[in-house]
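This report concerns only the one structure given below.
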Amino acid sequence: MTMDECCASYKRSISGQLFICLAIGDLCNCLGYALMGISRTRLYSKILQTSTITHQSSLTCAADVYVWLRVVAALWPPVVQVAMGFDKAACVLVPIWYRRYLEGRNGRLYPFTIVFVGLSLAVALMLAVIHEGKPVSYYCGRKAAFTADYGRFLYFNEIFGYFFGLLSNATAYLFAGRILQTSAMKRYLAKSRYTLVISLLSSILVACPNILSVIMSQTHKKLPIAVSESAQWLSLANSSKNLFVYVAMSAEFRGRVFVIIGMRRKLLLSHSGNAVAPSANDFIHPAIIVLRKHMSVPKPPDKGRGIAVQ
């Protein structure tokens with residue numbers, strides 16, 4: 266593998282495409298809550314003006330766009346974090362398998378998340394059609410549109426998805442930090458910290474409140490408003506956290522954000538003059554380093570790895 270191939274393999278990270286999916290899912294959550302607020306405001310205003318309540322069915326509730334946006338938000342981000350954690354854990358725990366099936370095949374993971382979301386949405390639509398004539402709560406919602414069982418499925422998807430993402434990211438980070446000390450792995454660990462912090466915050470802000478909601482739903486016919494509203498605010502905070510995590514933890518990302526929003530006219534590269542040019546070994550994929558560690562294969566010198574020496 267030449268330096269160009271190693272560098273390309275390192276830069277075209279699967280996580281890049283998965284982060285796009287994660288951002289879209291979080292955007293759906295924010296839009297879903299915004300549209301839900303507008304819909305509820307109009308509904309309550311109409312009730313106050315007319316003193317009448319319109320009866321709803323599963324299909325009429327499913328016609329609201331915000332319901333589908335909130336379903337996507339409950340499905341996509343958790344499974345994306347599962348894929349992120351799986352990718353990083355496989356890279357350091359089973360490097361041979363990773364190099365054979367995942368390295369350089371970026372299309373293997375994010376389509377899986379899209380298929381999962383698509384199938385789950387198809388099931389939701391089928392449930393809405395099956396229960397078309399069943400009267401539901403007048404203010405609608407995911408449980409009203411797609412049954413209470415489907416609502417519980419969404420809760421458990423978020424709980425297990427975020428916790429699995431946290432466990433796999435933490436395992437990969439701790440294992441890699443214990444055995445790998447190269448420049449490439451330092452960059453790998455730096456990027457792993459971002460996903461680890463994101464999965465940790467998602468577990469705290471979404472998974473834990475969902476556990477509380479599931480427990481309280483078994484003892485209460487309806488969740489207290491204080492609990493449901495707090496969970497909604499925490500969910501919105503979770504959907505907004507990724508930008509702040511990267512701004513706080515990545516100097517390069519922070520500089521680019523400042524350039525985009527006009528706070529700085531250009532990136533300040535004041536220290537670039539003292540930087541040391543990277544060697545070929547700095548671009549070796551983490552999975553290759555793990556393979557060398559386990560197989561005790563001596564690391565080849567920088568020369569003869571496809572680098573033109575002037």
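Letter by letter, the sequence shown follows residues 266 to 575 in the numbering used here.
For each residue, glycine too, the CB sits at the ideal point set by N, CA and C.
Continuous alpha helix (DSSP H) stretch holding residue i: start and end
i    : result
R407 : R407 to F411
I525 : A516 to I525
G350 : V330 to L358
P474 : C473 to T484
Y375 : Y375 to I395
Classification of residue i by the beta-carbon crowding that lies within 10 angstroms, buried from 16 upward
i    : result
E423 : buried
P376 : exposed
Q346 : buried
S385 : buried
V357 : buried
V337 : buried
F548 : Bear in mind that the predicted position of F548 carries a pLDDT of just 47, short of 50, making it too unreliable to give a figure here.
M391 : exposed
A516 : exposed
S316 : exposed
W341 : buried
V344 : buried
T412 : buried
K531 : Here K531 scores only 49 on pLDDT, less than 50, and its place in the model should not be relied on; the value that follows carries that caveat. Looking at its Cβ environment, which holds fewer than 16 other Cβ atoms inside 10 Å, K531 is exposed.
A206 : Because residue 206 is not part of the residues shown, which for the chain are 266 to 575, the question remains open.
A389 : buried
L508 : exposed
A393 : buried
Whole-Å CB distance - residue i paired with residue j, under 8 Å assumed
i    : j    : result
V471 : Y427 : 6 Å
K353 : T460 : 7 Å
D291 : S504 : 4 Å
V492 : L477 : 7 Å
V510 : V522 : 12 Å between Cβ atoms; not a contact.
L501 : Y298 : 6 Å
L431 : S468 : 5 Å
S433 : F381 : In fact, because the Cβ distance is near 17 Å, the residues do not count as touching under 8 Å.
T378 : A348 : 6 Å
Residues near residue i by beta carbon distance below 8 Å, same chain, minus five either side
i    : result
E397 : S322, S323 and L324
S457 : K353, N434, A437, Y438 and A441
R407 : V332, R335, V336, A339, Y415, G416 and L419
M481 : L488, P489 and V492
K399 : S322 and S323
F518 : Y511 and V512
A288 : N507
Q483 : none
Y366 : R373
Spatial neighbours of residue i in its chain, beta-carbon cut-off 6 Å, leaving aside the 5 residues before and after
i    : result
K568 : The predicted model places K568 with a pLDDT of 48, which falls under 50 and marks its position as unreliable, so this point remains unresolved.
S402 : A409
F284 : none
A355 : Y363
C295 : S504
M301 : Y331
S464 : Q346, G430, L431 and N434
Close-in-space but distant-in-sequence residues of the same chain around residue i (CB under 7 Å, 5 per side omitted)
i    : result
Y420 : N475, S478 and V479
L466 : N503 and K506
C405 : Q321, C326, D329 and V332
A496 : P474 and S478
T319 : Y403
S304 : D329 and Y331
F429 : V347 and G350
C286 : W341, V345, Y375 and T378
- What are the complete alpha helix (DSSP H) segments, minimum 4 residues, inside the region 273 to 325? 279 to 315
- Which ranges would you report for the beta strand (DSSP E) in the region 414 to 476 if only whole runs of at least 3 residues count? none
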